[in-house]
Amino acid sequence: NTSSGFGDNCLTGLQAGQALRAVAFLARAAVDYREATALVSQVLGNLAERIAGPHVPVQTLTAALSVIPDSANGLAPVAIAVNRKIVELMPTGRDLAVRSYWLEELSHRLSSAGHHDDAVQAAYQAVILRRELATLSPDRHLPDLVLSLETLAQRLHKQEDTAAARASLTQAVSYSRELVHKDPAVYRPWLARLLATTAGFGNSPDRGQSAAATEAVALYRQATVARQGLYEDELDRCLKTLTPPTKLRGT
Numbered sequence: 013n014t015s016s017g018f019g020d021n022c023l024t025g026l027q028a029g030q031a032l033r034a035v036a037f038l039a040r041a042a043v044d045y046r047e048a049t050a051l052v053s054q055v056l057g058n059l060a061e062r063i064a065g066p067h068v069p070v071q072t073l074t075a076a077l078s079v080i081p082d083s084a085n086g087l088a089p090v091a092i093a094v095n096r097k098i099v100e101l102m103p104t105g106r107d108l109a110v111r112s113y114w115l116e117e118l119s120h121r122l123s124s125a126g127h128h129d130d131a132v133q134a135a136y137q138a139v140i141l142r143r144e145l146a147t148l149s150p151d152r153h154l155p156d157l158v159l160s161l162e163t164l165a166q167r168l169h170k171q172e173d174t175a176a177a178r179a180s181l182t183q184a185v186s187y188s189r190e191l192v193h194k195d196p197a198v199y200r201p202w203l204a205r206l207l208a209t210t211a212g213f214g215n216s217p218d219r220g221q222s223a224a225a226t227e228a229v230a231l232y233r234q235a236t237v238a239r240q241g242l243y244e245d246e247l248d249r250c251l252k253t254l255t256p257p258t259k260l261r262g263t
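Number 75 in the working numbering belongs to position 63 of the sequence shown; there are no gaps in the numbering.
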């Protein structure tokens, strides 16, 4: 058993660097010894506030987050709190690419923890920033916008907002076609993945979804030939989504 003040006392008086080393040690303990997770969560419960004082740089927080492994599910609330603090401390009008990255990370952590509404909001914010960046420098930032739109679609799909999810995917597919035109070898698999995802959204596939699946298969076949079988697994999964009408009527 632990006293109610144990967690508050463990990191008291530590400098930022000392606190980070303590966090790294405790996070590893939570992974290696599952029975310690509750204790570690208690110790790190106010981590964001403890190491994010007015003069502590964002880099200190990012370092703290980097030592909390994704496999430590019991520490998810701590990781989310630190990630939120990073976004909060970053200047809103500067370093948009870095800010959008941490919003994407926050959306992932929130979604994994079951906070789907907040995950969608973080994903929306990342899309807004990356759309602005892509407008200013499409060659550099359009791929990131595609990935953010894909993330947003996945978050909306978890909320069962299929229409909004497909609208986000439609935008991602459109931008991916532009990227494929510029560099087919790199971006053809991206487009195939997005089309395959589009085909998988919804319980009753419509003609648009069937067409998306058919195009995805063709693209994966091209990519598999070009990359000597690299995308065979993706091609097989996509082929399984296609059931020719003759098979339905053949019995």
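Positions of the beta carbon are idealized from the N, C-alpha and C atoms, including for glycine. Being a predicted model, the structure only gives us computed values, none of them experimental.
*Fully enclosed by the region 142-223, which alpha helix (DSSP H) runs are 4 residues long or longer?*
Taking only runs of at least 4 residues, the alpha helix (DSSP H) segments lying wholly in the region 142-223 are 150-170, 174-194 and 196-212.
*Would you list, in sequence order, the uninterrupted alpha helix (DSSP H) runs of no fewer than 4 residues that lie entirely inside the region 89-148?*
You should have 108-124 and 128-148.
_Using a 10 Å radius around the Cβ and a threshold of 16 neighbouring Cβ atoms, would you call R142 buried or exposed?_
Buried, since its Cβ has 16 or more Cβ neighbours within 10 Å.
*Output yes or no for whether 9 Å exceeds the beta carbon distance between L206 and L181.*
Contact: yes.
*Are L108 and V139 touching if we call contact CB-CB under 9 Å?*
At a Cβ-Cβ threshold of 9 Å, L108 and V139 do not count as neighbours.
*Is the CB-CB distance between V229 and L251 below 9 Å?*
For the 9 Å CB-CB criterion, V229 and L251 form a contact.
_Beta-carbon contacts of N95 that lie in its chain and below 8 Å, excluding the five residues immediately before and after_ = The beta carbon of N95 is closer than 8 Å to those of L77, W114, E117, L118 and R121 in its chain, skipping five residues each way along the sequence.
_Cβ shell of E246 (< 6 Å), same chain only, five flanking positions each side left out_ = Here E246 has Y232 as same chain residues with Cβ atoms under 6 Å from its own Cβ, once five neighbours each way along the sequence are excluded.
_Rounding to the nearest angstrom, what Cα-Cα distance links M102 and T147 in this structure?_
Their Cα atoms are separated by approximately 22 Å.
*Go to R249, then tell me how far its alpha helix (DSSP H) extends in each direction, as first and last residue.*
R249 -> alpha helix (DSSP H) spans E244 to K252.
*Between E144 and A235, what straight-line distance do the alpha-carbon atoms span, to the nearest angstrom?*
Roughly 31 Å between the two C-alpha positions.
_Whole-number beta carbon distance between T210 and A197, since they are thought to touch under 8 Å_ = Wrong, their Cβ atoms sit about 22 Å apart, outside the cutoff.
_By alpha-carbon positions, which one of Y187, Q133 and E172 ends up nearest to P150?_
Residue Y187 is the option with its Cα nearest to P150.
_N- and C-terminal bounds of the alpha helix (DSSP H) containing L73_ = Unbroken alpha helix (DSSP H) run through L73: V70 to S78.
*Starting from the C-beta of Y199, find all residues in its chain whose C-beta is less than 8 Å away, skip the five residues before and the five after it, and write them out in chain order.*
Answer for Y199: P155, S188, L191 and V192, listed in chain order.
*Leaving out five residues on either side along the sequence, give the residues of the same chain with a beta carbon under 8 Å from the beta carbon of H153.*
Non-local beta-carbon contacts of H153 in its own chain, meaning distances under 8 Å to residues more than five positions away in sequence, involve A109, R142, L145 and A146 in chain order.
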